[in-house]
Amino acid sequence: MSSQWKNLQQRSFLECNARIRAIGLVDPGTFTELAGPRHRFSSPHLPLLGEAVEFDDGIVTGVGLLGRKPVFVASQEGRFIGGAVGEVHGAKLVNIVRMARQAYDQMLQANPDLPEAKRPAVVISFETGGVRLHEANAGLLAHAELMDQFQDCKGKVPLIALIGSRVGCFGGMGFAAVAMDVIIMSQFGRLGLTGPEVIEEELGKDEFDASDRALVYRTTGGRHKYIMGDCNYLVSDSVAAFREALAQVLTKPYAEIAAMGCIGSLEKVESQLKLVDLCVATAPKDARDVWKSAGNETPDELTDMPLDEFLETVKRLTARC
Amino acid sequence: MEDLIGQGRAAIDLIVDAESFREGEVGALTISDEEFGASAVIGTATLNGEVCTVIASDAMTANPKFPVVYAGIIGLEEGYKMALAVYHSIKADQDLPLAEKRPLLLIVDTPGNGAGKQEEIFGMNKATGAYQMALAEARKAGHPIVAIVVGRAISGGFLCHGLQADHVLSLGPKFNTMIHVMPISSISRITKLNIEWLQELAENNPVFAAGPDYFYKLGGVEEIISSIESMRERVVNHVAQVRALKIAGREEELGPWGRGALSVERGSRMARNKVIQTMNDEFAQVAGQYLV
Chain L
844 MSSQWKNLQQ
854 RSFLECNARI
864 RAIGLVDPGT
874 FTELAGPRHR
884 FSSPHLPLLG
894 EAVEFDDGIV
904 TGVGLLGRKP
914 VFVASQEGRF
924 IGGAVGEVHG
934 AKLVNIVRMA
944 RQAYDQMLQA
954 NPDLPEAKRP
964 AVVISFETGG
974 VRLHEANAGL
984 LAHAELMDQF
994 QDCKGKVPLI
1004 ALIGSRVGCF
1014 GGMGFAAVAM
1024 DVIIMSQFGR
1034 LGLTGPEVIE
1044 EELGKDEFDA
1054 SDRALVYRTT
1064 GGRHKYIMGD
1074 CNYLVSDSVA
1084 AFREALAQVL
1094 TKPYAEIAAM
1104 GCIGSLEKVE
1114 SQLKLVDLCV
1124 ATAPKDARDV
1134 WKSAGNETPD
1144 ELTDMPLDEF
1154 LETVKRLTAR
1164 C
Chain V
8 MEDLIGQGRA
18 AIDLIVDAES
28 FREGEVGALT
38 ISDEEFGASA
48 VIGTATLNGE
58 VCTVIASDAM
68 TANPKFPVVY
78 AGIIGLEEGY
88 KMALAVYHSI
98 KADQDLPLAE
108 KRPLLLIVDT
118 PGNGAGKQEE
128 IFGMNKATGA
138 YQMALAEARK
148 AGHPIVAIVV
158 GRAISGGFLC
168 HGLQADHVLS
178 LGPKFNTMIH
188 VMPISSISRI
198 TKLNIEWLQE
208 LAENNPVFAA
218 GPDYFYKLGG
228 VEEIISSIES
238 MRERVVNHVA
248 QVRALKIAGR
258 EEELGPWGRG
268 ALSVERGSRM
278 ARNKVIQTMN
288 DEFAQVAGQY
298 LV
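As given, the protein sequences belong to chains L and V, one line each in that order. Residue 844 is where the first sequence starts when you use our numbering, and the numbers rise one by one after that. Residue 8 is where the second sequence starts when you use our numbering, and the numbers rise one by one after that.
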């Protein structure tokens, strides 16, 4: 187990499936999957439409340890219907967050001086386009439930988002990621609301060409989100790098973690509105225009330079989050 | 009046006390710039004599600064403007007891979030994500939040402006109300499944069909309202119901989680319930290894 666990640490996070990510993020041998494939909780709706099912409905949920800290993990599988959220997938995601908050309440009741090192945490490894169209209404309702559970965690349980998988994190799940306290991305991670194809449909190919991968990454990719201040940590593409960043964040006192989010208070909304003012004032045609506004004189160079160099030289729009 | 699509402002006047709506003012917040988030309407009114925050979309006014924001779409400014209205409601009543927290009335007629390049560059997900979290915070702070769908409640638009309410009401389908993620025609195109067959399946399976009645079956809408004239009375009634449950400490019966339980009562989303139960049971077996 331990040598297997070590081997998977060096693997590309981008290429790893959901279960490997879940297992690799917590301490070796500590991950227990909940509502796993042996229960065969597959979508009751897909067969009616003649579609194939998976016994985990495209998401791995469970609990592990980082040191003494219980970590409640959800990890989405993009290879199954793009990691989209249906009824079962959504229920697993919503309930793992709820369980973390309940665990905190229970531990605090037993020990009012609960040390930070034991405070439960939630980690979600996103790989999803949001609502699963085949069961869209149930998927949409699950999104609302997730935001509700996140709010219950505020003041109690740190919420950490990891984005570095093939599909990225889009649609309604884009709301979920930014509602969490900390976002850790690799440069291959993508975060947004509206996917590139829909923007192309809305604005026309001249304005936004969805097949232009460089444009797509400039607009939603990890480097861009780091410059914007939407992503707190930009790490290299390995399970170990994500795990180290996660473990490092979770050593901080809760109040410090909670302050790292982009949204969630009147003050944060007011500072985001300053960015909207910048958008209006500069009317950027491309993300590179915004990188320039942030003080990067030669924004073109930021795309291709090695990650270490990027992190050393880049100027961010906001250092706040 | 046959329906209220695109009539967000008219709907406000049909529900709140006559001539009580003061636009742009919520607690200490005053928005005097008419162009700021022009497609969102926020303000304070009285509802049955009680101070109430109102949040709606104005389909008739486009945002001149953002070309994708028109017809009631929620853009970057609109999302944050709506969030400001919520935070200022919480702040204004922070010292009041539960029985006196002002209600928030969400009048829903929106086709969705702004889908543009600038929106993605700056993070549309943050703007309406902020609004959702503000609503969840207000709900948990004791404000009764009632949403009423009077027109379009489409996908991410409904998620942001509607589904975080304590109770969600909707005018019935005869008022051309639309609640869906995507119309069946689009689902058919994307999933490459036959449209007639999908429509037939939708009769017995509300999980992908479009319309308020299907959301009612799924527990996503508490009540279908049968006439425009009765909207006001039903909203007042639901504010009272919600407030009573909050005072009784029965918050879990409200909001998105409460609607999960409602789905079981209405015989749908049964898998959801079973999954949650199994996870809880399974964790109880191993909790001792983790929560020490």
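Beta carbons are placed, not taken as given, at the ideal position from N, Cα and C, and that holds for glycine.
- A distance of 8 Å or more separates the beta carbons of residue 83 of chain V and residue 96 of chain V.
- In the structure shown, residue 195 of chain V adopts helical secondary structure according to DSSP, grouped into three states.
- Looking at the DSSP output, residue 1037 of chain L bridges to nothing.
- With respect to chain L, the C-beta atom of residue 203 of chain V has no partner C-beta closer than 8 Å.
- When DSSP states are grouped into helix, strand and coil, residue 996 of chain L belongs to the helix group.
- Residue 30 of chain V is a Cβ neighbour of residue 48 of chain V, given a cutoff of 8 Å.
- Taking 8 Å as the threshold, the shortest C-beta distance from residue 951 of chain L to chain V does not fall below it.
- Under the three-state reduction of DSSP output, residue 1105 of chain L falls in the coil class, being neither helix nor strand.
- Within the stretch 45–79 of chain V, the residues whose Cβ lies closer than 7 Å to some Cβ of chain L are 72, 75, listed in chain order.
- Using a C-beta cut-off of 8 Å, the stretch 176–186 of chain V makes contact with the stretch 154–162 of chain V, since at least three inter-stretch Cβ pairs fall below that distance.
- When L:1032, L:989, L:1053 are compared, the shortest CA-CA separation from residue 1006 of chain L is found for L:1032.
- Beta bridge pairing from DSSP links residue 907 of chain L with L:914.
- A residue is called buried when at least 16 other Cβ atoms come within 10 angstroms of its Cβ; residue 70 of chain V meets this threshold and is buried.
- DSSP lists V:117, V:186 as the beta-bridge partner residues of residue 160 of chain V.
- Taking each of V:251, V:219, V:53 in turn and checking the Cα distance to residue 115 of chain V, the smallest one comes out for V:219.
- Among the bridge pairs identified by DSSP, residue 59 of chain V is matched with V:52.
- Inter-segment contact for the stretch 887–900 of chain L and the stretch 944–963 of chain L is absent: fewer than three beta-carbon pairs are separated by less than 8 Å.
- For residue 884 of chain L, the chain V residues whose C-beta falls within less than 8 Å of its own C-beta are 278, 281, 282, 285, listed in chain order.
- Taking 3 residues as the minimum length, the beta strand (DSSP E) runs contained wholly in the stretch 917–987 of chain L are 964–969, in order along the chain.
- Of L:973, L:1009, L:989, the smallest CA-CA separation from residue 857 of chain L is found for L:1009.
- The DSSP-derived three-state label of residue 1004 of chain L is strand.
- Using beta-carbon distances, residue 890 of chain L does not count as an interface residue toward chain V, since no partner is under 8 Å.
- Put simply, the backbone Cα of residue 1067 of chain L is about 8 Å away from that of residue 128 of chain V.
- Proximity of the stretch 1039–1050 of chain L to the stretch 1022–1029 of chain L falls short of the contact definition, fewer than three beta-carbon pairs being nearer than 8 Å.
- Within the same chain, Cβ atoms closer than 8 Å to the Cβ of residue 118 of chain V are found at 78, 79, 80, 159, 161, 164, the five residues on either side in sequence being excluded.
- Straight through space, the alpha carbons of residue 899 of chain L and residue 932 of chain L are spaced by roughly 8 Å.
- When C-beta atoms of the stretch 871–888 of chain L are compared with those of the stretch 900–908 of chain L, three or more pairs fall below 8 Å, so the two segments count as touching.
- In the structure shown, residue 138 of chain V adopts helical secondary structure according to DSSP, grouped into three states.
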